[in-house]
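Take a look at the structure set out below.
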């Protein structure tokens with residue numbers, strides 16, 4: 165772990181890597197405030213021909229709507245440079261799990277996830293469907309008894325952040341992931357049997373005005389507790405997110421750097437995935453936290469803005 | 165562990181105990197079917213002057229409405245003989261935690277819990293309040309910002325089974341149990357600070373038509389995951405339920421027997437609490453499960469009906 169403090173060290177850092185992966189909140193901005201110099205550093209990277217990628221666990225939004233945040237902050241970014249856990253989950257279902265075209269994904273999440281599933285051409289149900297966004301009459305399970313209610317063509321349950329979570333959605337998702345053979349393979353042309361269980365991310369809390377508030381990891385906790393199944397978790401610090409990024413951008417790992425403000429998500433993510441990491445001190449974690457948490461970045465930098473020299 | 169099979173053993177069992185605590189489903193009935201002989205055995209115990217108590221983790225109902233099940237099955241029972249986890253939680257808040265009269269309980273649960281809190285004279289909010297039983301606009305946390313929304317007079321969060329669980333309720337409960345000083349004492353005449361965190365029970369699933377369905381323990385999982393707090397759990401196999409029963413009925417522990425069909429809830433509950441236990445084989449657990457789970461009842465009996473001799 166080395167703290168970068170001189171112009172020479174900054175220049176050396178930029179020359180060592182071709183791709184720069186950024187966590188956003190706490191690195192480029194803090195809430196609604198831009199980190200001074202962040203914009204200029206990104207421009208500098210672009211003009212030096214570096215690949216920049218923005219990596220967020222936020223599963224409430226699609227890449228398209230998350231780009232709105234960049235626009236608001238006045239930071240140049242294209243949709244294709246943004247990797248959200250909702251998008252990574254959709255790509256994971258499509259490319260890694262090879263979800264058959266005739267099987268659906270049951271969504272416990274909002275329209276950002278649905279938009280990303282649409283983008284990769286995967287069928288889904290649940291989510292924002294008004295039928296699943298209502299309160300059942302107390303102790304009345306009658307509407308959950310039919311094959312129509314618990315659709316046997318569902319081949320995966322995908323859980324993200326959902327402010328419209330409901331007992332109906334939990335109950336249906338629970339039935340899918342516990343049906344006979346659910347832990348087996350998901351086959352095309354076959355109803356029932358295999359059903360994947362995927363979380364976009366397992367962040368316990370969600371940052372928003374007045375927060376923290378319960379996050380995607382908390383909202384999926386009932387399903388894990390009730391089903392005793394171990395889900396595949398896509399987002400940082402888990403590896404499916406990095407696998408997705410690697411496959412999309414054709415990264416050369418030794419020449420890729422991840423920059424983040426949290427040891428337990430960002431830095432652990434890079435370290436576990438075998439890419440170099442840089443901790444900036446404009447967000448959650450401090451240098452003292454490194455020993456406490458036993459997670460050490462390759463580099464430490466006061467602020468991303470320091471690279472603007 | 166001894167299997168009771170003869171008339172002499174049955175008679176000996178009845179003479180050894182003054183109080184008989186019964187789990188209900190799997191012991192007295194199975195779903196909507198009465199266990200043959202159960203009714204007659206209860207009558208026999210009553211006519212011999214024994215105390216009978218019905219102990220259920222079901223937190224969806226008050227004792228009053230749970231008595232309806234006994235009426236439907238044609239089994240004699242009075243409200244005062246029924247201990248549900250909703251009632252035990254109310255008594256625990258009142259008598260053990262001594263909730264000050266000016267502090268409220270925030271309820272994640274249904275009207276059965278509210279009825280029991282009313283019965284012991286504890287103020288509450290949340291629960292069936294229409295304001296907390298609705299969907300927030302997606303990503304809009306504005307209605308959760310005020311002191312009115314997160315009432316500082318709340319001194320406990322009580323979580324039970326709630327088919328109307330919502331993000332609002334989770335978010336409010338989360339704020340109560342994580343506010344500064346929440347793990348400290350709950351004082352009368354003081355707002356904020358201490359806030360107890362109580363679960364009626366931690367059953368992962370709930371038995372109902374077409375079930376199992378996610379249960380009270382699953383519905384409280386988001387709060388535990390998000391807050392990192394360890395709640396007090398009232399229901400079987402945890403001890404607050406037994407403390408409540410003991411205090412209400414003035415039990416003589418060596419002359420008290422618990423009868424149940426599940427090792428991990430019923431038999432563990434009795435064993436942990438230092439009272440004798442009897443496993444009946446008309447429900448969930450088998451004799452083989454005893455070694456597998458490492459939980460051993462004092463007695464095993466094929467069916468409660470066998471005692472009808």
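Residue numbers (our numbering), protein chains in the order written: chain A, 165 to 473; chain B, 165 to 473.
Where a beta carbon is used, it is the ideal one built from N, C-alpha and C, also for glycine.
Shown here for residue 190 of chain A: same chain residues with a beta carbon closer than 8 Å to its own, the five before and five after excluded, namely 424, 425, 426, 444, 446, 447, 448 in chain order.
Residues of chain B whose Cβ lies closer than 9 Å to the Cβ of residue 338 of chain A are, in chain order, 369, 376, 377, 378, 382. For residue 267 of chain A, the CB contacts under 8 Å within the same chain, skipping 5 residues up- and downstream, are 287, 317, 318, 319, 320, 350, 352 in chain order. Two segments are said to touch when three or more pairs of C-beta atoms, one from each, lie closer than 8 Å; by this definition the region 253 to 264 of chain B touches the region 397 to 413 of chain B. Non-local beta-carbon contacts of residue 395 of chain B in its own chain, meaning distances under 8 Å to residues more than five positions away in sequence, involve 323, 361, 362, 363, 384, 387, 388 in chain order. Between the region 226 to 237 of chain A and the region 287 to 303 of chain A there are fewer than three inter-stretch CB-CB distances shorter than 8 Å, so the stretches are not counted as touching.
Note on geometry: alpha-carbon atoms of residue 345 of chain A and residue 299 of chain A lie some 30 Å from one another.
In the structure shown, the three-state DSSP call for residue 450 of chain B is coil. 8 Å or more divides the Cβ of residue 409 of chain A from the Cβ of residue 209 of chain A. Excluding the 5 residues flanking it on each side, residue 241 of chain A has same chain C-beta neighbours closer than 7 Å at 218, 231, 234, in chain order. Contact between residue 223 of chain B and residue 244 of chain B does not hold, since the beta-carbon distance rounds to 19 Å and is not under 8 Å.
A straight-line Cα-Cα distance of about 11 Å links residue 331 of chain A and residue 303 of chain A. By the CB criterion at 8 Å, residue 470 of chain B and residue 204 of chain B fall outside the cutoff. Look at residue 328 of chain B here: in three-state DSSP terms it is coil, with no helix or strand label. Not a single CB atom of chain A sits nearer than 8 Å to the CB of residue 402 of chain B.
Note on geometry: alpha-carbon atoms of residue 422 of chain A and residue 183 of chain A lie some 9 Å from one another. Counting the other CB atoms within 10 Å of its CB gives residue 180 of chain B a total below 16, which places it among the exposed residues. Taking 8 Å as the upper bound for CB-CB distance, residue 354 of chain A and residue 314 of chain A are not in contact here, some 16 Å apart.
The beta carbons of residue 276 of chain B and residue 250 of chain B sit closer together than 8 Å.
With 16 or more other CB atoms across the displayed protein chains lying within 10 angstroms of its CB, residue 271 of chain A is buried.
Put simply, of A/390, A/392, A/393, A/400 the residue whose alpha carbon is nearest the alpha carbon of residue 380 of chain A is A/400.
Listed in chain order, the positions of the region 311 to 330 of chain B with a beta carbon within less than 8 Å of a beta carbon of chain A are 326, 327, 328, 329, 330.
Ranked by Cα distance from residue 227 of chain A, the options A/239, A/279, A/195, A/357 are led by A/279. DSSP places residue 364 of chain A outside any alpha helix (DSSP H), giving it a letter other than H or E. For residue 305 of chain A, the nearest beta carbon of chain B is closer than 8 Å to its own beta carbon. Contact annotation for residue 300 of chain B against chain A: 327, 328 [CB-CB distance below 9 Å, chain order]. Residue 220 of chain A is classed as buried because its beta carbon has at least 16 other beta carbons within 10 Å across all chains shown.
Interface annotation, residue 294 of chain B: not in contact with chain A, CB-CB separation never under 8 Å. Interface criterion met: the Cβ of residue 308 of chain B is under 8 Å from a Cβ in chain A. Listed in chain order, the positions of the region 216 to 242 of chain A with a beta carbon within less than 7 Å of a beta carbon of chain B are 224.
If you ignore the 5 residues before and after residue 255 of chain A, its C-beta comes within less than 7 Å of the C-beta of 284, 408, all in its own chain and listed in chain order. For residue 167 of chain B, the number of other beta carbons within 10 angstroms of its own is below 16, and it is reported as exposed. In the DSSP assignment, residue 246 of chain B falls within the beta strand (DSSP E) that extends over 246 to 248.
Put simply, the backbone Cα of residue 311 of chain A is about 15 Å away from that of residue 333 of chain A. Within chain A, no residue has its beta carbon less than 9 Å from that of residue 361 of chain B; the closest one is some 14 Å off. For residue 365 of chain B, the closest Cβ of chain A is not nearer than 8 Å.
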